[in-house]
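Reading through the structure tokens given below for one structure.
There are 2 protein chains.
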Amino acid sequence: MHSIDDLPTPCLLLDPIRMQRNIDRLQAHLARLGVTLRPHLKTCKNVEIARLLMSTPAGPATVSTLQEAEQFAASGVRDLLYAVGIAPNKLARVLALRRTGVDLSVILDSPEQGQAVAAASREAGDRIPALIEIDADGHRAGLRPGDPRLLEIGRILHEGGAELRGVMTHAGGSYDHPGAEALTAAAEQERAAVVQCAEALRDAGLPCPVVSVGSTPTAHFAQDLTGVTEVRAGVYVFHDLVMAGLGVCTLDDIAISVLATVIGHQSEKGWILTDAGWMSMSRDRGTANQPVDQGYGIACDLEGRPYPDLVLTRATQEHGALALREGSTETLPDLPVGTLVRLLPNHACATAAQHDRYHVLGENDRSITTVWPRFGGW
Amino acid sequence: MHSIDDLPTPCLLLDPIRMQRNIDRLQAHLARLGVTLRPHLKTCKNVEIARLLMSTPAGPATVSTLQEAEQFAASGVRDLLYAVGIAPNKLARVLALRRTGVDLSVILDSPEQGQAVAAASREAGDRIPALIEIDADGHRAGLRPGDPRLLEIGRILHEGGAELRGVMTHAGGSYDHPGAEALTAAAEQERAAVVQCAEALRDAGLPCPVVSVGSTPTAHFAQDLTGVTEVRAGVYVFHDLVMAGLGVCTLDDIAISVLATVIGHQSEKGWILTDAGWMSMSRDRGTANQPVDQGYGIACDLEGRPYPDLVLTRATQEHGALALREGSTETLPDLPVGTLVRLLPNHACATAAQHDRYHVLGENDRSITTVWPRFGGW
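In order, the protein sequence lines correspond to chains C and F. Numbering of the first sequence is given in my numbering, commencing with residue 3 and proceeding in unit increments. Numbering of the second sequence is given in my numbering, commencing with residue 3 and proceeding in unit increments.
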């Protein structure tokens with residue numbers, strides 16, 4: 003199977019040239035700012051891509067599940083941050099992986115979690131490294147700057163037998179604020195929140211070697227990362243319509259797409275039906291609240307050029323209806339049954355997760371040069 | 003791993019008693035109406051469950067992808083309807099599977115597709131069975147009753163070397179009309195549309211042995227299926243919050259849930275954070291437009307009893323925030339970090355698709371009696 007024309011549809015395509023450009027861009031930006039990149043591997047869930055993202059085959063890197071930690075560790079990654087609040091019932095797996103020589107660190111934001119990590123560290127004779135999660139923007143988890151539990155947790159970890167490795171935050175709220183000015187401000191808010199907490203720990207005589215920030219929008223728009231030691235980002239490897247809507251990338255940067263076949267038409271309604279429904283695109287509607295709602299994705303020809311105003315407006319399990327954007331003055335393109343189209347996703351993490359492999363495109367033609375697997379699960 | 007307490011979270015649980023009750027209920031209803039059930043296997047994507055759904059190990063059954071057709075054929079199913087409009091580039095796979103002795107039929111709604119199926123049939127010396135798709139409610143694909151292309155396609159198939167097997171429709175619009183009265187009316191609309199088209203074919207001297215209808219809501223509320231030979235339904239095997247919102251089932255019928263661990267709290271916001279985000283629940287928001295919006299799902303204790311008004315209101319990739327429903331007078335339950343909860347899904351097909359296995363619960367305890375795999379892909 004060496005041509006796009008021979009692939010079963012729907013399936014996931016990867017443009018490696020766009021991907022490498024995305025990787026190079028963020029690496030260069032962060033190098034200028036003098037911080038380490040700890041790429042988040044939750045977006046790709048693939049070893050070949052992870053190696054392109056990481057500065058060395060051993061890391062550092064970030065993961066969102068212990069499954070990712072185990073899979074990437076098996077391929078040689080030795081420095082991993084598990085960036086979802088730790089629960090006591092996961093510590094046995096953390097310790098088992100650490101015993102294989104992986105420097106796996108965890109995050110937490112409560113004294114209860116600190117006590118569980120400290121107790122597990124003492125019991126195992128292994129100081130589990132933990133970062134305290136800070137809430138920079140009210141978006142999700144973490145302690146707000148100034149919360150007295152910061153020092154309490156710091157002491158529980160440091161004095162209780164674990165390793166207080168530092169502080170981390172994720173500016174998830176940046177997804178709600180398009181434009182360079184707003185994202186630059188969000189990056190500064192993220193930096194300031196976590197640096198303030200690092201200083202509070204140090205002022206109390208506690209260690210805080212790592213100060214970690216990260217989200218794809220803020221990573222690209224940060225102008226100054228004084229006090230920050232590392233940046234995490236994931237979706238930038240592929241980018242997507244949400245990132246384009248925020249102004250973080252252009253449509254030409256989006257490196258994954260879903261290859262679909264036209265399977266019918268409802269001409270009176272102006273619908274072109276394809277075999278790409280939500281099973282292959284995901285149910286993600288991340289652009290729904292952006293200035294331009296991109297439906298479930300937008301349609302391109304096989305060279306990746308968007309058809310003007312052609313949006314995946316409706317999706318059921320294995321059906322997707324392409325239609326012109328509301329108010330469009332364009333003409334519906336003539337795409338007979340059997341025509342192949344490429345669909346750009348709202349959210350790369352969500353769309354890629356619906357697939358178990360990447361079909362890697364050749365340069366400037368329809369060839370598929372290789373197929374890379376993709377894992378899932380927890 | 004024999005207890006719910008030992009499972010890595012998030013993961014998918016299956017209550018086999020609820021499932022069997024769902025299966026029995028629809029079978030009994032359709033037996034009373036005197037029609038065959040052709041269960042849709044797109045919801046379960048598992049052989050063990052498929053065998054509970056089908057009247058014989060050889061079928062009949064319905065699939066939504068050729069991957070499903072191939073997987074179920076490999077386990078002995080011999081009568082399969084591929085119920086997504088056929089494209090020419092899929093006919094080689096259809097023919098290959100038919101050569102193994104599987105009676106795989108396809109659907110279509112255009113003369114172009116009819117010509118492609120007829121040409122492939124002639125070339126292969128195999129009359130591919132095809133059903134003409136009818137659009138009963140303007141919801142998705144198919145010909146509206148009265149469309150002159152019905153007879154045109156019928157003749158192309160019948161005279162062109164394919165097998166005109168009949169007509170089929172899917173009342174997807176029934177999902178928009180909650181309540182017994184509306185669903186009974188939708189079932190009659192579905193029946194009338196497809197029976198009218200079957201009669202038109204027969205009046206023109208064309209064969210129409212199969213008259214197929216199907217959607218889980220209409221299958222349960224049909225009162226009379228005169229003229230219909232078979233009913234397709236899929237989601238009823240598990241049911242979900244969308245079906246409960248429509249009045250097709252109760253919360254106590256929902257047979258799958260996602261087991262999640264509490265990983266934190268944002269007390270000021272009234273959030274309980276769990277490790278079940280959209281990666282394990284899916285992004286499906288099928289109840290968003292129902293009278294009761296269930297967020298990304300609702301939370302139950304380990305016995306499957308819902309916590310009053312506790313809804314999965316926000317989801318990111320691996321985080322889900324439980325909060326009280328807006329306007330609730332309940333008190334947020336005390337669920338410390340590490341507590342296990344079960345989350346009922348909006349849409350069983352979408353949530354199950356995020357997992358690669360079912361953990362099958364024992365009766366009235368926390369045991370896991372077996373693990374069944376689940377496949378995906380196309």
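In this text, a Cβ means the ideal position worked out from N, Cα and C, and glycines have one as well.
Reference residue 24 of chain C, options C:177, C:270, C:254, C:62, closest by Cα: Your numbering for residue 24 of chain C matches position 22 in the first sequence. Ranking the options by Cα distance to residue 24 of chain C, first place goes to C:254.
Counted within 10 angstroms of its Cβ, other Cβ atoms place residue 225 of chain F as buried (16 or more) or exposed: Along the second sequence, read from residue 1 onward, the residue named residue 225 of chain F stands at position 223. Residue 225 of chain F is exposed by the Cβ-count criterion.
Cβ of residue 148 of chain F within 9 angstroms of any chain C Cβ: Here residue 148 of chain F corresponds to residue number 146 of the second sequence, with the count starting at 1. Not an interface residue.
Proximity to residue 231 of chain C [Cα-Cα], best of C:123, C:39, C:298: Start at 1 with the first residue of the first sequence, and residue 231 of chain C comes out as number 229. Among C:123, C:39, C:298, the Cα nearest to that of residue 231 of chain C is on C:39.
8 angstroms contact criterion, which residue 169 of chain F and residue 134 of chain F should meet: CB distance rounded: Indexing the second sequence from 1 puts residue 169 of chain F at position 167. Indexing the second sequence from 1 puts residue 134 of chain F at position 132. Confirmed, about 5 angstroms.
Per-residue DSSP class, three states only, for residue 116 of chain C: Locating residue 116 of chain C in the first sequence gives position 114, counting from the first residue. For residue 116 of chain C, the three-state secondary structure derived from DSSP is helix.
Beta-carbon proximity check, residue 361 of chain F vs residue 15 of chain F, cutoff 9 angstroms: On the second sequence, residue 361 of chain F is found 359 positions in, with the first residue counted as 1. On the second sequence, residue 15 of chain F is found 13 positions in, with the first residue counted as 1. In this structure, residue 15 of chain F lies closer than 9 angstroms to residue 361 of chain F by Cβ.
Where residue 285 of chain F sits in the DSSP three-state scheme: In the second sequence, the residue the question calls residue 285 of chain F occupies position 283. In the structure shown, residue 285 of chain F sits in coil (DSSP, three-state: anything other than H, G, I, E or B).
Residues near residue 302 of chain C in its chain [Cβ-Cβ closer than 8 angstroms; skip 5 each side]: For the purposes of this step, residue 302 of chain C is taken as the residue at position 300 of the first sequence. Within the same chain, residue 302 of chain C has close Cβ partners 259, 308, 309, 343, 344, 345, 346.
Within-9 angstroms CB hit, residue 355 of chain F to chain C: On the second sequence, position 353 is the one that residue 355 of chain F refers to. Yes - at least one Cβ of chain C is within 9 angstroms of the one on residue 355 of chain F.
Residue-level contact to chain C via CB, residue 179 of chain F, 9 angstroms cutoff: Within the second sequence, residue 179 of chain F is the residue found at index 177, counting from 1. No, its Cβ sits nowhere closer than 9 angstroms to a Cβ of chain C.
Bounding residues of the alpha helix (DSSP H) (the contiguous stretch that carries residue 341 of chain F): The sequence position of residue 341 of chain F within the second sequence is 339, counting from 1. Careful: residue 341 of chain F lies outside any alpha helix (DSSP H) and carries neither H nor E.
Proximity to residue 210 of chain C [Cα-Cα], best of C:179, C:157, C:274: Stepping through the first sequence from its first residue, residue 210 of chain C is reached at position 208. When only C-alpha atoms are compared, the closest one is C:157.
Contacts that residue 66 of chain C makes with chain F (C-beta to C-beta distance below 7 angstroms): In the first sequence, the residue the question calls residue 66 of chain C occupies position 64. Taking a Cβ-Cβ threshold of 7 angstroms, the residues of chain F close to residue 66 of chain C are 319, 320, in chain order.
Check whether residue 320 of chain C and residue 47 of chain F have beta carbons under 9 angstroms apart: Sequence index remark: in the first sequence, residue 320 of chain C carries index 318 (1-based). Sequence index remark: in the second sequence, residue 47 of chain F carries index 45 (1-based). Not a contact, by the Cβ cut-off of 9 angstroms.
Residue 279 of chain C and residue 118 of chain F closer than 9 angstroms at C-beta: Taking the first sequence and counting its residues from 1, the one referred to as residue 279 of chain C is at position 277. Taking the second sequence and counting its residues from 1, the one referred to as residue 118 of chain F is at position 116. Contact flag unset, no.
Straight-line gap, residue 351 of chain F to residue 141 of chain C (C-alpha atoms, nearest Å): For the purposes of this step, residue 351 of chain F is taken as the residue at position 349 of the second sequence. For the purposes of this step, residue 141 of chain C is taken as the residue at position 139 of the first sequence. C-alpha separation (whole angstroms): 29 angstroms.
Rounded C-alpha distance that separates residue 162 of chain C from residue 234 of chain F: Translated into positions along the first sequence, residue 162 of chain C becomes position 160. Translated into positions along the second sequence, residue 234 of chain F becomes position 232. Distance between the alpha carbons of residue 162 of chain C and residue 234 of chain F is about 60 angstroms.
Whether residue 263 of chain C touches residue 92 of chain F by CB criterion (9 angstroms): Reading the first sequence from its first residue, position 261 is the one you call residue 263 of chain C. Reading the second sequence from its first residue, position 90 is the one you call residue 92 of chain F. It is a contact, given that the beta carbons lie within the stated cut-off.
Helix, strand or coil at residue 253 of chain C [DSSP, three-state]: Start at 1 with the first residue of the first sequence, and residue 253 of chain C comes out as number 251. Correct three-state label for residue 253 of chain C: helix.
Rounded separation between residue 98 of chain F and residue 104 of chain F - CA only: For the purposes of this step, residue 98 of chain F is identified with residue 96 of the second sequence, where counting begins at 1. For the purposes of this step, residue 104 of chain F is identified with residue 102 of the second sequence, where counting begins at 1. Going by the C-alpha atoms only, they are around 9 angstroms apart.
Local Cβ density within 10 Å of residue 165 of chain F, reported as buried at 16 or more and exposed below that: Position 163 of the second sequence, counted from the first residue, corresponds to residue 165 of chain F. Buried.
Buried/exposed call for residue 381 of chain C, threshold 16 Cβ in 10 Å: In the structure as shown, chain C starts at 3 and stops at 380, and residue 381 of chain C therefore has no counterpart that could be examined.
Amino acids of chain F, ordered along the chain, whose beta-carbon sits closer than 9 angstroms to that of residue 11 of chain C: Indexing the first sequence from 1 puts residue 11 of chain C at position 9. Correct list: 89, 91, 92, 380.
Residue 32 of chain F beta carbon near the ligand ATP (any heavy atom closer than 8 angstroms): Here there are no bound small molecules, and the ligand ATP is not part of this structure.
Residue(s) in a DSSP beta bridge with residue 374 of chain C: As a working mapping, residue 374 of chain C is identified with position 372 in the first sequence. Looking at the DSSP assignment, residue 374 of chain C forms a beta bridge with C:360.
Proximal residues, the region 280-292 of chain F versus chain C, C-beta separation under 8 angstroms: 280, 281, 282, 284, 285, 286, 287
Rounded separation between residue 240 of chain C and residue 27 of chain C - CA only: Residue 240 of chain C sits at position 238 when you count from the first residue of the first sequence. Residue 27 of chain C sits at position 25 when you count from the first residue of the first sequence. Roughly 12 angstroms separates the two Cα atoms.
Residue-chain proximity (residue 451 of chain F, chain C), Cβ-Cβ < 9 angstroms: The question about residue 451 of chain F has no answer here: the residues shown for chain F are numbered 3 through 380.
Helix, strand or coil at residue 22 of chain F according to DSSP, with G and I counted as helix: Taking the second sequence and counting its residues from 1, one reaches residue 22 of chain F at position 20. Helix at residue 22 of chain F.
Closest Cα partner of residue 276 of chain F within the set F:291, F:237, F:323: Counting from 1 along the second sequence, the entry for residue 276 of chain F is found at position 274. The option with the nearest alpha carbon to residue 276 of chain F is F:323.
Contacting positions in the region 21-50 of chain C - beta carbon closer than 7 angstroms to chain F: 44
Cβ of residue 86 of chain F within 9 angstroms of any chain C Cβ: Walking along the second sequence from the start, residue 86 of chain F turns up at place 84. At least one chain C Cβ lies under 9 angstroms of residue 86 of chain F.
Short CB-CB distance (under 9 angstroms) between residue 110 of chain C and chain F: Indexing the first sequence from 1 puts residue 110 of chain C at position 108. Judged by the 9 angstroms Cβ criterion, residue 110 of chain C is in contact with chain F.
Supposed close pair residue 132 of chain F, residue 108 of chain F - CB separation, criterion 8 angstroms: In the second sequence, residue 132 of chain F corresponds to position 130, counting from 1. In the second sequence, residue 108 of chain F corresponds to position 106, counting from 1. Confirmed, Cβ separation roughly 5 angstroms.
N- and C-terminal bounds of the alpha helix (DSSP H) containing residue 171 of chain F: The sequence position of residue 171 of chain F within the second sequence is 169, counting from 1. No alpha helix (DSSP H) holds residue 171 of chain F; the beta strand (DSSP E) holding it covers 165-171.
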